[in-house]
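Peer 1: Residue numbers (our numbering): 202 to 707. We treat Cβ as the ideally placed atom computed from N, Cα and C, and that holds for glycine. The structure displayed is predicted, hence computed values, not measured ones. One structure is given below, represented as C-alpha cells, and several questions about it will come after.
Quick look at the structure:
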C-alpha cells in the first residue's frame, strides 16, 4: 500500500504541475567596479549573495575588525549588566601603541559599557577583559571564536585573540569576515552599539578619568561631519596594524537592500573602496522576496493529501517568508534556476526538510528553506510513522513537529595530544662516534616522520569531524521526516520528481 500511494503521489506531481520555462539570464551580471585594496567583498546581508569580490577567499590579517566577532560572542554568552573587572593580564599584555580605553587594573565596567568601548573606541584592553570575563582566559576565548567562525561557515580563518593585534596565527578572508558581519548585524543589540557615534563613561568608573570620559566611533562614514560620510550606514568597524594595513567592515541599507562591504589590506583607500562598492551595489541590484515569486512547491501541499501519505492529518510545506534573492536591476525571477539540497547546515530552522539554492547564471543569488509544519488541530499520535530503517537506533527521540530543534553542538576540539615515539631509536654512542653523518640523517628522518605523522593526524581528524557533522545533520533531518510520516528516500524521490517537472523546458 505504501508503494502504491507513493506511486500515486509521484504521478500526481509529474502530471499535475505545469513545467516552468527556464532560460539563460537576460541581464548580464554587473561588473563595472574595481577597488585598490588587496581584497574586498560586497555581500547582500539578507540573501548572502556575493555581488562583487576580489580575492575573497585569500587569508589576510584582519586587525581590529576582529572585534565584530568578539562582540557577537559576548552578546550571545553574557548579560549586558554583568560586571567586568580588569585584570593585570588584560591591561598590561598589549603591544606598544595599541589603542586603549585607559582602564587600570581593578577598574570595573558593565558588559554594556565594555561593548561600546570595544566597537567605538576599539579598546584592546577591553577586548581582553571581555574575553576573560566570558571564558576565563584569552586563550579559551580564542577557542570559542574559532568554533563560532566554523559554525558560521568560515573556512579560511583562524583567530588567536579577541582584539586583532598582530599574530601570525590570526587571519581571515573577506568572505569569512562578511559571513561573521552578516550574523553580527542580525543581532539588534550589536546594531544599536555599532551605529552609535559616541558614548560616555560616567564619573567614578575609571581611575584614570574620575570625572568621566567621552569617546567617539572611529568609523568616519557614520559621522555626518566627515567628508566620507555615507547616507544609509548602519554601522561597522575599522582596523589597522602594520601587518594588516587598513581594514574596514561596514553595513549599510538603502531601498530594501542591506549590504555588507569588507576591505582587507587597504592602502589608505579603505573608505574610497567601501563607497565604490556601496554605490555599485545600490545602483545595480535589487532584492526579491522568494515566497512572492516561487510557486514551484505550492502544488505539493495538495498532492500530499491526494496521495494519502498523512491519513487524518495535513502537512503544510512552504518557503520561509523572509528569504530573498538578489538580482541585477534589470534581471527577472524567470531567469533564476533552483536546485534542492538536503545538507541543511548548522543554521537551518528546526522545521526545515530541504534547502533551495537559487542561481542566476553562474552566480548564487540566495537560498531558502523548505519548511514543513502540521496544520492546527492535529495530534501527534495521529501521524502514520514509518518504522526505523534497519541499523537505526530505535530509541531515538522524535522531535515534536514544528518545534525548533536545538542547534547541534559542534564537537569540541581536543587539544592535540603528545605525539607517540616515532619508532626511530637514537644512534648508540659508538655509532655516533663512528658515523656522525648517519646520526644526523637518522635525526632528520625522525623529524620528518614526526611532522608527517602530525600532519596526517590533523588531516584525518578534520576529515572525521566533517563526516561526523554531516552524519548528525542527516540524522536530524531523517528524524524530522519520520515525524511527519516519510522515510528520507520517499521524500527525496518526491521532491526530485517535482523539481524535474519545474525545470523541464516547455
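Would a C-beta distance cut-off of 8 Å place residue 332 and residue 339 closer than the cut-off?
Peer 2: Along the chain shown, one-based indexing puts residue 332 at 131. Along the chain shown, one-based indexing puts residue 339 at 138. In this structure, residue 339 lies closer than 8 Å to residue 332 by Cβ.
Peer 1: With H, G and I counted as helix, E and B as strand and the rest as coil, what does DSSP make of residue 430?
Peer 2: The count along the chain shown starts at 1 and reaches residue 430 at position 229. Correct three-state label for residue 430: coil.
Peer 1: Do the stretch 318 to 327 and the stretch 411 to 425 meet, that is, are 3 or more Cβ pairs less than 8 Å apart?
Peer 2: A contact exists between the stretch 318 to 327 and the stretch 411 to 425.
Peer 1: Using DSSP's beta-bridge definition, name the partner residues of residue 538.
Peer 2: Here residue 538 corresponds to residue number 337 of the chain shown, with the count starting at 1. Residue 538 is bridged to 560.
Peer 1: For residue 377, count neighbouring Cβ atoms within 10 angstroms of its own Cβ and tell me buried if that reaches 16, exposed if not.
Peer 2: Residue mapping note: residue 377 aligns to position 176 of the chain shown, counting from 1. Result: buried.
Peer 1: Contact defined as beta carbons within less than 8 Å: I believe residue 479 pairs with residue 528. What is the distance between those atoms, to the nearest angstrom?
Peer 2: Start at 1 with the first residue of the chain shown, and residue 479 comes out as number 278. Start at 1 with the first residue of the chain shown, and residue 528 comes out as number 327. Actually they are not in contact, since the Cβ atoms of residue 479 and residue 528 sit about 18 Å apart, beyond 8 Å.
Peer 1: Hey, how far is the Cα of residue 713 from the Cα of residue 673?
Peer 2: Outside the shown range of the chain, which is 202 to 707, sits residue 713, and nothing can be said about it.
Peer 1: Tell me where the alpha helix (DSSP H) around residue 325 begins and ends.
Peer 2: Numbered from 1 along the chain shown, position 124 holds the residue referred to as residue 325. Taken as a continuous stretch (DSSP letters only), the alpha helix (DSSP H) holding residue 325 covers 325 to 336.
Peer 1: Using only CA atoms, which one of 273, 554 and 358 lies nearest to residue 394?
Peer 2: For the purposes of this step, residue 394 is taken as residue 193 along the chain shown, with counting starting at 1. Answer by Cα proximity: 273.
Peer 1: Quick one: give me the first and last residue of the alpha helix (DSSP H) that residue 345 is part of.
Peer 2: As a working note, residue 345 is residue 144 in the chain shown. It spans 339 to 352 - the alpha helix (DSSP H) in which residue 345 sits, taken as one unbroken run.
Peer 1: Return the chain-ordered list of same chain residues with a C-beta closer than 6 Å to the C-beta of residue 358, the five sequence neighbours on each side being excluded.
Peer 2: Start at 1 with the first residue of the chain shown, and residue 358 comes out as number 157. Excluding positions up to five away in sequence, the list reads 350, 373 and 377.
Peer 1: DSSP has residue 244 in a bridge; who is on the other side?
Peer 2: Reading the chain shown from its first residue, position 43 is the one you call residue 244. In DSSP, residue 244 forms a bridge with 251 and 461.
Peer 1: In whole angstroms, what is the alpha-carbon distance linking residue 257 and residue 440?
Peer 2: Along the chain shown, read from residue 1 onward, the residue named residue 257 stands at position 56. Along the chain shown, read from residue 1 onward, the residue named residue 440 stands at position 239. Rounded to the nearest angstrom, the two C-alpha atoms are 18 Å apart.
Peer 1: Straight-line CA distance for residue 452 to residue 536?
Peer 2: Here residue 452 is taken as the residue at index 251 of the chain shown, counted from 1. Here residue 536 is taken as the residue at index 335 of the chain shown, counted from 1. Rounded to the nearest angstrom, the two C-alpha atoms are 28 Å apart.
Peer 1: Quick one, which of 269, 293, 242 and 249 has its alpha-carbon nearest residue 259's?
Peer 2: Start at 1 with the first residue of the chain shown, and residue 259 comes out as number 58. Ranking the options by Cα distance to residue 259, first place goes to 242.
Peer 1: By how many angstroms is the C-alpha of residue 356 removed from the C-alpha of residue 400?
Peer 2: Translated into positions along the chain shown, residue 400 becomes position 199. Translated into positions along the chain shown, residue 356 becomes position 155. Taking the straight line from one Cα to the other gives about 35 Å.
Peer 1: Just to check my reading of the structure: residue 354 and residue 263 have Cβ atoms closer than 8 Å, yes? What is that Cβ distance to the nearest angstrom?
Peer 2: Working through the chain shown from its first residue, we reach residue 354 at position 153. Working through the chain shown from its first residue, we reach residue 263 at position 62. That belief does not hold up - the Cβ atoms of residue 354 and residue 263 are roughly 17 Å apart, past 8 Å.
Peer 1: Taking C-beta to C-beta, are residue 476 and residue 534 nearer than 8 Å?
Peer 2: Within the chain shown, the letter at position 275 stands for residue 476. Within the chain shown, the letter at position 333 stands for residue 534. Not a contact, by the Cβ cut-off of 8 Å.
Peer 1: If you draw a straight line from the C-alpha of residue 301 to the C-alpha of residue 488, how long is it?
Peer 2: For this step, residue 301 is matched to residue 100 along the chain shown. For this step, residue 488 is matched to residue 287 along the chain shown. Whole-angstrom Cα-Cα distance: 40 Å.
Peer 1: Compare the Cα-Cα distances from residue 293 to each of 343, 313, 330 and 245 and report the closest residue.
Peer 2: One-based indexing of the chain shown puts residue 293 at position 92. Cα-wise, what sits closest to residue 293 is 330.
Peer 1: Where do the ends of the beta strand (DSSP E) carrying residue 527 lie?
Peer 2: The residue you call residue 527 lines up with position 326 of the chain shown. Its beta strand (DSSP E) spans residues 525 to 529.
Peer 1: According to DSSP, is residue 506 helix, strand or coil?
Peer 2: The count along the chain shown starts at 1 and reaches residue 506 at position 305. Because the pLDDT at residue 506 is just 45, under 50, the model does not fix this residue reliably, and the point stays unresolved.
Peer 1: What did DSSP end up calling residue 488 once you bin it into helix, strand or coil?
Peer 2: The sequence position of residue 488 within the chain shown is 287, counting from 1. The answer is strand: DSSP assigns residue 488 an E or B state.
Peer 1: Assuming the contact rule is C-beta atoms closer than 8 Å, residue 363 and residue 342 should be a hit. Round their C-beta distance to whole Å, please.
Peer 2: Position 162 of the chain shown holds residue 363. Position 141 of the chain shown holds residue 342. Yes, residue 363 and residue 342 are in contact; Cβ-Cβ is about 6 Å, under 8 Å.
Peer 1: Look at the alpha carbon of residue 557 and the alpha carbon of residue 410, and state the distance between them as a whole number of angstroms.
Peer 2: Counted from its first residue, the chain shown places residue 557 at position 356. Counted from its first residue, the chain shown places residue 410 at position 209. One C-alpha to the other measures close to 55 Å.
Peer 1: Would residue 275 and residue 310 be called neighbours here (beta carbons separated by less than 8 Å)?
Peer 2: Walking along the chain shown from the start, residue 275 turns up at place 74. Walking along the chain shown from the start, residue 310 turns up at place 109. No.
Peer 1: Can you tell me which of 454, 461 and 444 puts its alpha carbon nearest to the alpha carbon of residue 438?
Peer 2: Position 237 of the chain shown, counting from 1, holds the residue named residue 438. Among 454, 461 and 444, the Cα nearest to that of residue 438 belongs to 461.
Peer 1: From the DSSP output, in three-state form, read off residue 309 for me.
Peer 2: The residue labelled residue 309 in the question sits at position 108 within the chain shown. Here residue 309 sits in strand by DSSP.
Peer 1: So for residue 315, helix, strand or coil by DSSP?
Peer 2: Position 114 of the chain shown holds residue 315. Residue state, collapsed to three classes: helix.
Peer 1: Quick check: the Cα distance between residue 559 and residue 491, rounded to an integer number of angstroms?
Peer 2: Your numbering for residue 559 matches position 358 in the chain shown. Your numbering for residue 491 matches position 290 in the chain shown. C-alpha separation (whole angstroms): 10 Å.
Peer 1: How about residue 407 and residue 553: are their beta carbons less than 8 Å apart?
Peer 2: As a first step, residue 407 must be located in the chain shown, where it is residue number 206. As a first step, residue 553 must be located in the chain shown, where it is residue number 352. Contact flag unset, no.
Peer 1: Quick one: grab the DSSP three-state call for residue 234.
Peer 2: Counting from 1 along the chain shown, the entry for residue 234 is found at position 33. Coil.
Peer 1: Report, in whole angstroms, the separation of the C-beta atoms of residue 238 and residue 432, which I expect to be a contact under 8 Å.
Peer 2: Taking the first residue of the chain shown as 1, we reach residue 238 at position 37. Taking the first residue of the chain shown as 1, we reach residue 432 at position 231. Wrong, their Cβ atoms sit about 22 Å apart, outside the cutoff.
Peer 1: Using the Cα positions of residue 616 and residue 572, report the straight-line distance between them to the nearest angstrom.
Peer 2: For the purposes of this step, residue 616 is taken as the residue at position 415 of the chain shown. For the purposes of this step, residue 572 is taken as the residue at position 371 of the chain shown. Caution applies to residue 616, whose pLDDT of 38 falls short of 50 and renders its modelled position unreliable; the value that the coordinates give is listed next. Their backbone Cα atoms lie some 38 Å apart in a straight line.
Peer 1: Does DSSP put residue 401 in a helix, a strand or coil?
Peer 2: Reading the chain shown from its first residue, position 200 is the one you call residue 401. Strand.
Peer 1: Of the residues 474, 307, 434 and 391, which one's Cα is nearest the Cα of residue 281?
Peer 2: Taking the first residue of the chain shown as 1, we reach residue 281 at position 80. When only C-alpha atoms are compared, the closest one is 391.
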